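Engineer: Please see the structure below; I have some questions.
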Amino acid sequence: MMYIKRFLFLVLFCITSGLWAQQKISGKVITGDEFDLTPVLIVNISEDKSILSDMSGKFEIDAKENDEIRFVKEGYYRVDKKITIEEFDSPLNIILKRIEIQIPEVKITYKPTGNLAKDNQRLNESRKLQSLKSDMEDYMKSPLNQPLPTNTVSKTFTGHDYNVGQVNLFGVFNAVSGLVKKVTKPKITKANYNETQNFLKRVRNQINLNFLKKYGMDEEQIDAFLLYAEKTRSLAKRYRKDFQIDVIEYELKIAFGEYSKMNKLEGNKE
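For the sequence shown, the positions run 43 to 312 when this note's numbering is used.
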């Protein structure tokens, strides 16, 4: 009898744990800018999980009570939200506010006297400054006689400091798999024709491109867009050796935001 009770208790515990682990938080992120088509990065800091919202800001992510969810979008203040038990029963609406760009005040320290000769002498550039500008102009026009430094990416990457007000979105993506761990990235090199074609074929097979079909794009138009995205975002060069589906999908949506402004697309624009 005791063994039966223990067995039933274990089954009940497993069912309860499973239900607890399968909870999801859903909702919508609002920016107030209807022309901004780029998605929002949603990160469950407590569980080290992340997803991207769709074009309309809707999202759904695994979470449980007391988890900390972070909403990040380039050019906007980030929002941190601690999940309560009540928020599993209704959609979660998050409002992101755009970061203001402040123009520094310009102070004029010299006040003209009205004496033309004196003011002209004050405002004219000194001979040393004129000579320096002339030398710099000659230098910039001279041919390059030294090799340029190689454009390489460091093999070590330190997690982003989330205490800073503005978060670099690409830095967050690189840190999603381990927010405080160091990761090793393969060296970025230029892709040849065959490597580029193989990369685009892999994108076709592994990336969800349904958001393009919602805009009425057929297979030929999708191929044209992928070539545009590859050219403007250097996708094969940057990701053929490090094929991260979430990152590449984000890059495609960034490229689509610009592509849609240059091409009239019809379809279900959610």
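By construction, the Cβ of each residue, glycine as well, lies at the ideal position given by its N, Cα and C atoms.
None of the values given here were measured: they were computed from a predicted structure.
Kindly provide the ranges of any beta strand (DSSP E) runs that are 3 or more residues long and lie completely inside the stretch 80 to 109, ordered along the chain.
Structural biologist: Runs found: 83 to 86, 91 to 94 and 100 to 104.
Engineer: What residues are listed by DSSP as bridge partners for residue 68?
Structural biologist: BP columns for residue 68 point to 102.
Engineer: Within 8 Å, do at least three Cβ pairs link the stretch 266 to 273 to the stretch 113 to 125?
Structural biologist: These segments do not touch.
Engineer: According to DSSP, is residue 122 part of a helix, a strand, or is it coil?
Structural biologist: In this structure, residue 122 counts as strand in the three-state DSSP scheme.
Engineer: Leaving out five residues before and five after residue 102 in sequence, what residues of the same chain have Cβ atoms less than 6 Å from its Cβ?
Structural biologist: Cβ within range, chain order: 66 and 68.
Engineer: Between residue 259 and residue 171, what straight-line distance do the alpha-carbon atoms span, to the nearest angstrom?
Structural biologist: Approximately 58 Å between the Cα atoms of the pair.
Engineer: State the CB to CB distance for the pair residue 135 and residue 72, rounded to an integer number of angstroms; the pair is presumed to be in contact (CB under 8 Å).
Structural biologist: Contact flag correct, Cβ pair sits at about 7 Å.
Engineer: Assign residue 282 to one of three DSSP states: helix, strand, or coil.
Structural biologist: Coil at residue 282, not helix or strand.
Engineer: Within 10 Å of its beta-carbon, does residue 143 have 16 or more other beta-carbons around it, so buried, or fewer, so exposed?
Structural biologist: Label assigned to residue 143: exposed.
Engineer: Per DSSP, residue 113 forms a beta bridge with which residues?
Structural biologist: Per DSSP, 84 and 121.
Engineer: Residue 221 to residue 93, Cα distance in whole Å?
Structural biologist: For residue 221, the predicted model reports a pLDDT of 47, less than 50, meaning its position is unreliable; a value from the coordinates is still stated below. The alpha-carbon atoms of residue 221 and residue 93 are separated by roughly 15 Å.
Engineer: So with Cβ pairs under 7 Å, would you call residue 249 a contact of chain D?
Structural biologist: Absent from the structure is chain D; it holds one protein chain and no more.
Engineer: Taking the straight line between their C-alpha atoms, what separation do you get for residue 104 and residue 126?
Structural biologist: Between residue 104 and residue 126, the C-alpha separation is close to 14 Å.
Engineer: By DSSP, does residue 287 sit in helix, in strand, or in coil?
Structural biologist: The answer is helix: DSSP assigns residue 287 an H, G or I state.
Engineer: When the Cα atoms are used, what is the spatial distance from residue 118 to residue 267?
Structural biologist: Taking the straight line from one Cα to the other gives about 27 Å.
Engineer: Which one or two residues does DSSP pair with residue 137 in a beta bridge?
Structural biologist: Residue 137 pairs with 72.
Engineer: Straight-line CA distance for residue 290 to residue 90?
Structural biologist: If you take the alpha carbons of residue 290 and residue 90, they lie about 19 Å apart.
Engineer: Check each candidate in 81, 228, 139 and 261 and name the one with the smallest Cα separation from residue 282.
Structural biologist: Of the candidates 81, 228, 139 and 261, the one whose C-alpha sits nearest the C-alpha of residue 282 is 228.
Engineer: Pick from 269, 257, 110 and 231: whose alpha carbon is nearest that of residue 243?
Structural biologist: That would be 269, whose Cα lies nearest to the Cα of residue 243.
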